[in-house]
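Novice:
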Amino acid sequence: MNKLECNLGKFKMKNPVTVASGTFGSGKEFKDFYDLSLLGGIMVKGTTPEKRVGNKPQRLVETSGGIINSIGLANGGVDDFINNILPEAKTYGTEIIVNISGSSIDDYGYMADRLSIDGVSALEVNISCPNVKEGGITFGTDPNMAFDVAKMVKNNTSKPIIMKLSPNVTNIAIMAQAVESGGADIISMINTLIGMAIDVEKQRPIINNIIGGYSGPPIKPVALRMVYEVYKAVNIPIIGMGGIMNTTDALEFIMAGASAISVGTGNFVDPYIPIDIIKGINEYLDNKGLSSYTDIIGAAHK
Amino acid sequence: MNKLECNLGKFKMKNPVTVASGTFGSGKEFKDFYDLSLLGGIMVKGTTPEKRVGNKPQRLVETSGGIINSIGLANGGVDDFINNILPEAKTYGTEIIVNISGSSIDDYGYMADRLSIDGVSALEVNISCPNVKEGGITFGTDPNMAFDVAKMVKNNTSKPIIMKLSPNVTNIAIMAQAVESGGADIISMINTLIGMAIDVEKQRPIINNIIGGYSGPPIKPVALRMVYEVYKAVNIPIIGMGGIMNTTDALEFIMAGASAISVGTGNFVDPYIPIDIIKGINEYLDNKGLSSYTDIIGAAHK
Amino acid sequence: MIFKNNGIIISNEPIIEDFVYLMKINEKNIADIAKPGQFLEIKTGSVPLLRKPISIFEVDKVAETISILYQVKGPGTKNLSELKANQQLDIIGPLGTGFTVKKFDNKCLLIGGGIGIAPLYDLGLKLKESGNEIEIVLGFSSKDTSYALDYFSKLGTLTVATMDGSLGIKGTVEAILSNYELNTFDKAYACGPEPMLKYLKTLEDKVNLELSLEAYMGCGLGACLSCVCKMTDGTYKRVCKEGPVFKSKEVSFDE
Amino acid sequence: MIFKNNGIIISNEPIIEDFVYLMKINEKNIADIAKPGQFLEIKTGSVPLLRKPISIFEVDKVAETISILYQVKGPGTKNLSELKANQQLDIIGPLGTGFTVKKFDNKCLLIGGGIGIAPLYDLGLKLKESGNEIEIVLGFSSKDTSYALDYFSKLGTLTVATMDGSLGIKGTVEAILSNYELNTFDKAYACGPEPMLKYLKTLEDKVNLELSLEAYMGCGLGACLSCVCKMTDGTYKRVCKEGPVFKSKEVSFDE
Ligand SMILES: Cc1cc2nc3c(=O)[nH]c(=O)nc-3n(C[C@H](O)[C@H](O)[C@H](O)COP(=O)(O)OP(=O)(O)OC[C@H]3O[C@@H](n4cnc5c(N)ncnc54)[C@H](O)[C@@H]3O)c2cc1C
Ligand SMILES: Cc1cc2nc3c(=O)[nH]c(=O)nc-3n(C[C@H](O)[C@H](O)[C@H](O)COP(=O)(O)OP(=O)(O)OC[C@H]3O[C@@H](n4cnc5c(N)ncnc54)[C@H](O)[C@@H]3O)c2cc1C
Ligand SMILES: Cc1cc2nc3c(=O)[nH]c(=O)nc-3n(C[C@H](O)[C@H](O)[C@H](O)COP(=O)(O)O)c2cc1C
Ligand SMILES: Cc1cc2nc3c(=O)[nH]c(=O)nc-3n(C[C@H](O)[C@H](O)[C@H](O)COP(=O)(O)O)c2cc1C
Ligand code: FES
Ligand code: FES
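Chains as they are written, first to last, in the working numbering: chain A, 1 to 302; chain B, 303 to 604; chain C, 605 to 859; chain D, 860 to 1114.
Shown next as structure tokens:
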């Protein structure tokens, strides 16, 4: 039996290890390294109704052991995704989770409708992108708006809906409950913290957009705490992410309450991290004599 | 002329370099290393109306390049502070900033009143301690309560009031504006992020209190971003902190908008960091031909 | 007085490769004033961030050196094991209170478990210098993971227990101590894993016992209040400042 | 094909101590397929977190080696400079598109500024192999900070400019190029600091020009969209994927 079989309600993956949106393109860029069908799923780069060129560079910088990015949701738009990216992606033999963003509630409804097509396994709804001027972050910090987005998406698709939460809030449990009542099937968390870095020689912010999303190892303790809190607050499964670099990190998220995990920034450091984690979780289970990883979901709550 | 002379409204320090509450005791523990009168000021360990034994150990752990702590505001109570700690502290030749906490608004008023005595240079009001069950964090996340605390303290003392903000909020600018209108003379920021770490062998949270305050280098980008935002939102000076380990870090905070800075976790790594920073800022000013560090406060906003 | 100095490493040799190392450091200031049972806070590299508390194993005031005996557990001690002679080591110390050292009427007993033996050697040397007769009881998991016995056998009568019986008596130090007339000793000193200390606490009415404790440390200087341990009176004390050595009767191991 | 392999370092020698180094690495897979102008993403140590993009300086398919020429700027390149022969190096590559290499009717011109000369050497070798005649113009800040001239002088006529005039002509490459009949070249290739590239762009109507750009990179694989540069048509392209080599006419340096 497959110890890693992963059931997130009506959404199923062969294992709980995915790659995070914006860090893996559509998968194509990583095909040379390994067979993508080994992955539980791929969360593709954020898609919007229209093409977006993205922010002016410098868009990314390493700082404090992590990175700050402000890509600005650069993408070809949903039509481009459907016509030019999805056809190849759906041949990879893994779940294709499409990450969607919008600047209005209607945008989200439109995106959900357009993407209710063959080849799309689930929709991940980004209500928390800090890099977009219009709306982006408000959806992710106001429980009522987050509820509305979830509901709008729900009404426009029968695909599994993953609502992606922003960590930049006072009370993450309330946000989680809001999207659960709005109709979310799954919660993914966390998106990036908002951060900044300054060049003291130039006396200027390093990122052209001034602020950006902070990710990588430094955000792990915050992400874990939030997964732990949300696990207690909702009844839908969680896909945990934020600084996962190895098996131990992944196990921490699972024990905090995540039913699946996602590797983001880690893919830049070593593309094989997701594969190593799949192996590593299996080894951990063997060592502990466990027959399914589901036995340790939320184990730290006992 | 002293290039580092620091005027925070009515509160003056010989230089803008302080040490953060909870990381330097009352100063006594660091006396062997250097003359404490070199420091701009000492923010002493948090004090409460009554003695508190603090949380059960394990109270601290290193994780992800920073540390998580959950001391639980262990302290001897305000009487003990006044009788046994302050008499020595006021001989150090530096500003003694007393960090106060309470579990009710009245507590804060009481503390402000009790500490309106000779030897206390300013009060730093901790409304953001994540480690206390009763209230602690709510004061720091609700703008109305933060306003009430500031006002209560203001009504009970004529000492300069430093309101210390928690980063665990959706909108830090609103919190800053609330304490400014409540009567704060100065804002200090940030307190710790809330984080967690799990022992995957024991399948248990490592910190006995489950969650704790996350500090050190990993929180710097978040702290800088918040200082940058608050600088634009208020007219009172900011004491910046969060992961400051060296001169470059300190300069980044000053350029983001801090009029003074504080070294916290850094004191555990190298007690001389505050002294090195004083030297380092002077050198930077010399290299740039500047006559006062105030010329670079908020420089990154231009 | 507490110093923060760059000591020069004189030697850093494995006693058991990848497991236990002995490092000798030239550091006059600390050697001058260190007392048995005190410890150092060592910066082992850029990561981990925190310094690591390590006991002083031996002090040579004349040669102006201090030694440490350490076991590789994780990233910090691994860093230590990779350092080479002539490199500098950033050390804060000496820290904490020490063991009581004086001339006793009757014998003293040293009880060590695993790497907990580290602070006992310098103690034994000083007790001997003060004219005491010493017995030593050490526990390890096996013969292959036992070490530094040659040092301790120089101090007095040494008895060893191993969990698997591959050396000495089979079992923990309990297997040895249960046969001892503890009241024939004026003083006992112990350091080792918590289960051992908990067991020894049950003997505290039979012999005057000092325990050296461990706790996770932030500053090592008494400032952060992270390293506390529970006292029988319900208060917490700082292992780095009021400890690491406590009278057994002061300490509580209850939850 | 892109590989992630552990190459074995054959040598890593300073050309100028603490400043510029040449490293030769045994890495068959990458040597087999690398084209001039392509680069590597190298994990230099546990910190920095990100890999560092470094151009391929020379490829020896027979010896199955690749070389890099790099300047120590910060923590990543410092780590590189401390590596020793026989150590492993975690490399991803070859990455990006390369320069156009073919037989031209007339001469080719290589223009390099500072460490920007790195990708031009392998290009020069390949152009020469294809039967081209080459001229090389290199700019440095001073004689003391110039390097690898012996390599380039083997490729063809080499002219050097230094800012302080301590070697060759005083000034930037502009001081040399302003006296050139650029239309006598069929092709020019350049890599160097942005001011140099901006200047060269003003010459793009006189000669067919390819520029190798730099940008801050997250992944180096085309996935993160961080490394973009502005095109004349207002779009952004990825330096790591559509670049680092672009036609000068494609690229816009306007804000
Ligand atoms: C007063 C005192 C004296 C000690 N003397 C010695 C000695 O002489 N020789 C020796 O080998 N070991 C000694 N130790 C233990 C030593 O400090 C730890 O083994 C070391 O910190 C482990 O760090 P690491 O990075 O190698 O491993 P990690 O994997 O980080 O930790 C391994 C274990 O060590 C403990 N530990 C980690 N960091 C700290 C810290 N900052 N403070 C306290 N404990 C920590 C943890 O509880 C953990 O379970 C002493 C500890 C204390 C408190
Ligand atoms: C396609 C490409 C090819 C390059 N080829 C060479 C080469 O052959 N030899 C050589 O010496 N240098 C080369 N560089 C530059 C080299 O990547 C940087 O000098 C190096 O990343 C500096 O890292 P650091 O940690 O040493 O210094 P830092 O102090 O971190 O950075 C110094 C400067 O390098 C730049 N830099 C830092 N990190 C990155 C990154 N991840 N991506 C891009 N730029 C970064 C920054 O803009 C910074 O201003 C190349 C860069 C690119 C984009
Ligand atoms: C360069 C970059 C681009 C990202 N783009 C997106 C995106 O388009 N949509 C989204 O929901 N999250 C995006 N994220 C956030 C990640 O999916 C992830 O939530 C976050 O980085 C935390 O995980 P990590 O620490 O493992 O990277 C992006 C992150 C990075 C680093
Ligand atoms: C061990 C420890 C104890 C602390 N205790 C207090 C406290 O009593 N009152 C308070 O306002 N902040 C307290 N803090 C927060 C620090 O003052 C500071 O705001 C925070 O650690 C961020 O700065 P740093 O990253 O430089 O440590 C404590 C921090 C640490 C690490
Ligand atoms: S380690 Fe900080 S008080 Fe003991
Ligand atoms: S560096 Fe990631 S797309 Fe170029």
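Yeah, the Cβ is synthetic: ideal placement off N, Cα and C, and Gly gets one too.
Quick one: measure Cβ to Cβ for B:Gly-514 and B:Ile-370, integer angstroms, because I've assumed they're closer than 8 Å.
Specialist: Your numbering for residue 514 of chain B matches position 212 in the second sequence. Your numbering for residue 370 of chain B matches position 68 in the second sequence. B:Gly-514 to B:Ile-370, Cβ: 4 Å. Contact.
Novice: Taking only the alpha-carbon atoms, compute the straight-line gap between B:Ile-580 and A:Tyr-293 and give it to the nearest angstrom.
Specialist: Translated into the one-based positions of the second sequence, residue 580 of chain B becomes position 278. Translated into the one-based positions of the first sequence, residue 293 of chain A becomes position 293. Near 52 Å, if we compare the C-alpha coordinates of A:Tyr-293 and B:Ile-580.
Novice: What in chain A is Cβ-close to B:Glu-554, meaning under 8 Å?
Specialist: On the second sequence, position 252 is the one that residue 554 of chain B refers to. The contacting residues are Ala-197, Ile-198 and Val-200.
Novice: Within the same chain, show all residues whose beta-carbon is closer than 6 Å to that of A:Thr-63, passing over the 5 residues directly before and after it, in chain order.
Specialist: As a working note, residue 63 of chain A is residue 63 in the first sequence. For A:Thr-63, where only same-chain residues beyond five positions count, the Cβ hits under 6 Å are Ala-197.
Novice: Step through the CB atoms of chain A and report whether any lies within less than 7 Å of the CB of B:Thr-365.
Specialist: Against the second sequence, residue 365 of chain B aligns to sequence position 63. Closer than 7 Å to some Cβ of chain A, the Cβ of B:Thr-365 qualifies, so yes.
Novice: Which of the three DSSP states is assigned to A:Arg-225 in this structure?
Specialist: Reading the first sequence from its first residue, position 225 is the one you call residue 225 of chain A. Three-state result, A:Arg-225: helix.
Novice: Please state whether the Cβ-Cβ distance between B:Gly-568 and B:Met-543 is less than 7 Å.
Specialist: Taking the second sequence and counting its residues from 1, one reaches residue 568 of chain B at position 266. Taking the second sequence and counting its residues from 1, one reaches residue 543 of chain B at position 241. No, Cβ-Cβ distance for B:Gly-568 and B:Met-543 is not below 7 Å.
Novice: Mapping DSSP to helix, strand and coil, what is A:Met-145?
Specialist: Along the first sequence, one-based indexing puts residue 145 of chain A at 145. Correct three-state label for A:Met-145: helix.
Novice: Between C:Ala-635 and chain B, is there a C-beta pair that is closer than 7 Å?
Specialist: As a working note, residue 635 of chain C is residue 31 in the third sequence. Chain B, which has no Cβ nearer than 7 Å to the Cβ of C:Ala-635, makes this no.
Novice: What's the C-alpha gap between D:Lys-1013 and D:Leu-881?
Specialist: Numbered from its first residue, the fourth sequence carries residue 1013 of chain D at position 154. Numbered from its first residue, the fourth sequence carries residue 881 of chain D at position 22. Going by the C-alpha atoms only, they are around 17 Å apart.
Novice: Name the chain B residues that come within less than 8 Å of C:Lys-608, Cβ to Cβ?
Specialist: Along the third sequence, read from residue 1 onward, the residue named residue 608 of chain C stands at position 4. Under the 8 Å cutoff, chain B gives Phe-335, Asp-572, Pro-573 and Tyr-574.
Novice: Tell me, please, which residues DSSP counts as bridged to B:Phe-313.
Specialist: Looking up residue 313 of chain B in the second sequence gives position 11. For B:Phe-313, which the question treats as bridged, DSSP gives the partners B:Leu-310.
Novice: Rounding to the nearest angstrom, what Cα-Cα distance links B:Gly-280 and C:Tyr-820 in this structure?
Specialist: Outside the shown range of chain B, which is 303 to 604, sits residue 280 of chain B, and nothing can be said about it.
Novice: Closer than 8 Å by beta-carbon distance: list the chain A residues that pair up with D:Cys-1078, in chain order.
Specialist: Here residue 1078 of chain D refers to the residue found at position 219 of the fourth sequence. By Cβ distance, chain A contributes Thr-23, Glu-29, Asn-267 and Phe-268.
Novice: Do B:Ala-414 and B:Ala-448 have their beta-carbon atoms positioned less than 7 Å apart in this structure?
Specialist: To locate residue 448 of chain B, count along the second sequence from 1; it is residue 146. To locate residue 414 of chain B, count along the second sequence from 1; it is residue 112. Not closer than 7 Å, so no.
Novice: Distance, Cα to Cα, D:Ala-922 vs B:Val-524?
Specialist: Mapped onto the fourth sequence, residue 922 of chain D falls at position 63. Mapped onto the second sequence, residue 524 of chain B falls at position 222. C-alpha separation (whole angstroms): 49 Å.
Novice: Apart from the five residues on each side of it in sequence, which residues of its chain come closer than 6 Å, Cβ to Cβ, to C:Gly-728?
Specialist: As a position in the third sequence, residue 728 of chain C is number 124, starting the count at 1. Around C:Gly-728: Leu-714, Ile-738 and Leu-759.
Novice: So if I threshold CB-CB distances at 7 Å, which residues from the stretch 346-364 of chain B count as touching chain C?
Specialist: Residues passing the 7 Å Cβ filter: Val-355, Gly-356, Pro-359, Gln-360, Arg-361, Leu-362, Val-363 and Glu-364.
Novice: Which chain D residues sit within Cβ distance under 8 Å of A:Ala-74?
Specialist: As a position in the first sequence, residue 74 of chain A is number 74, starting the count at 1. Leu-1084, Val-1087 and Tyr-1095, listed in chain order.
Novice: Exposed or buried, A:Pro-49, counting other C-beta atoms within 10 Å across all chains shown (16 or more means buried)?
Specialist: Here the question's residue 49 of chain A lines up with position 49 in the first sequence. Counting Cβ neighbours within 10 Å, A:Pro-49 comes out buried, since at least 16 surround it.
Novice: Is the CB of A:Ile-71 under 7 Å away from at least one CB in chain D?
Specialist: Against the first sequence, residue 71 of chain A aligns to sequence position 71. Yes, contact with chain D.
Novice: Given that A:Pro-143 touches chain B, what residues does it touch there, using C-beta distances under 9 Å?
Specialist: Your numbering for residue 143 of chain A matches position 143 in the first sequence. Those within 9 Å of A:Pro-143 in chain B number zero; the least Cβ separation is about 10 Å.
Novice: Closest Cβ-Cβ distance between B:Thr-459 and chain A: below 7 Å?
Specialist: Position 157 of the second sequence, counted from the first residue, corresponds to residue 459 of chain B. So no, B:Thr-459 is outside the interface.
Novice: If you count every other CB in all the chains shown that lies within 10 Å of the CB of A:Ser-215, and 16 or more means buried, which is it?
Specialist: In the first sequence, counting from the first residue as 1, residue 215 of chain A sits at position 215. With 16 or more Cβ atoms within 10 Å of its Cβ, A:Ser-215 is classed as buried.
Novice: Taking 7 Å as the threshold (C-beta atoms), are C:Ile-658 and C:Ile-672 in contact?
Specialist: Locating residue 672 of chain C in the third sequence gives position 68, counting from the first residue. Locating residue 658 of chain C in the third sequence gives position 54, counting from the first residue. Going by C-beta atoms, C:Ile-672 is nearer than 7 Å to C:Ile-658.
Novice: Find the residues of chain C that neighbour B:Ile-613, judging by a C-beta separation of less than 8 Å, and give them in chain order.
Specialist: One cannot answer for residue 613 of chain B here, as it falls past the ends of chain B, which runs 303 to 604.
Novice: Can the beta-carbon of D:Gly-1030 be found closer than 7 Å to that of D:Val-1019?
Specialist: Here residue 1030 of chain D refers to the residue found at position 171 of the fourth sequence. Here residue 1019 of chain D refers to the residue found at position 160 of the fourth sequence. It is not a contact, given that the beta carbons lie outside the stated cut-off.
Novice: Note down, in chain order, every chain B residue with its Cβ under 7 Å from the Cβ of A:Ile-220.
Specialist: Along the first sequence, one-based indexing puts residue 220 of chain A at 220. In the sequence on display, residue 220 of chain A carries Lys and not Ile. Correct list: Ser-366.
Novice: Could one say the Cβ of B:Thr-596 lies closer than 7 Å to chain A's Cβ atoms, at least one of them?
Specialist: On the second sequence, position 294 is the one that residue 596 of chain B refers to. Not an interface residue.
Novice: Let me know the secondary structure DSSP gives B:Thr-596 once reduced to three states.
Specialist: Counting from one through the second sequence, the residue named residue 596 of chain B turns up at place 294. It is helical.
Novice: Specify, as a first and last residue, the run of the beta strand (DSSP E) that D:Arg-1097 falls within.
Specialist: Taking the fourth sequence and counting its residues from 1, the one referred to as residue 1097 of chain D is at position 238. Start and end: 1095-1097.
Novice: Quick one: what's got a C-beta closer than 6 Å to A:Gly-140's C-beta in the same chain, skipping five residues either side?
Specialist: Reading the first sequence from its first residue, position 140 is the one you call residue 140 of chain A. Taken in chain order, the residues that qualify are Ile-127, Ser-128 and Ser-166.
Novice: Residues of the stretch 463-476 of chain B in Cβ contact with chain A at a cutoff of 7 Å, in chain order, please.
Specialist: The stretch 463-476 of chain B vs chain A, Cβ under 7 Å: Asn-470, Val-471 and Thr-472.
Novice: Quick check on B:Arg-416: does DSSP put it in helix, strand or coil?
Specialist: In the second sequence, the residue the question calls residue 416 of chain B occupies position 114. Residue state, collapsed to three classes: helix.
Novice: For B:Gly-518, return the contacting residues in chain C, with the cut-off set at a CB-CB distance below 8 Å.
Specialist: Counted from its first residue, the second sequence places residue 518 of chain B at position 216. Simply Leu-653.
Novice: Over the uninterrupted alpha helix (DSSP H) stretch that includes D:Ser-1071, give me the two end residues.
Specialist: Within the fourth sequence, residue 1071 of chain D is the residue found at index 212, counting from 1. No alpha helix (DSSP H) holds D:Ser-1071; the beta strand (DSSP E) holding it covers 1068-1071.
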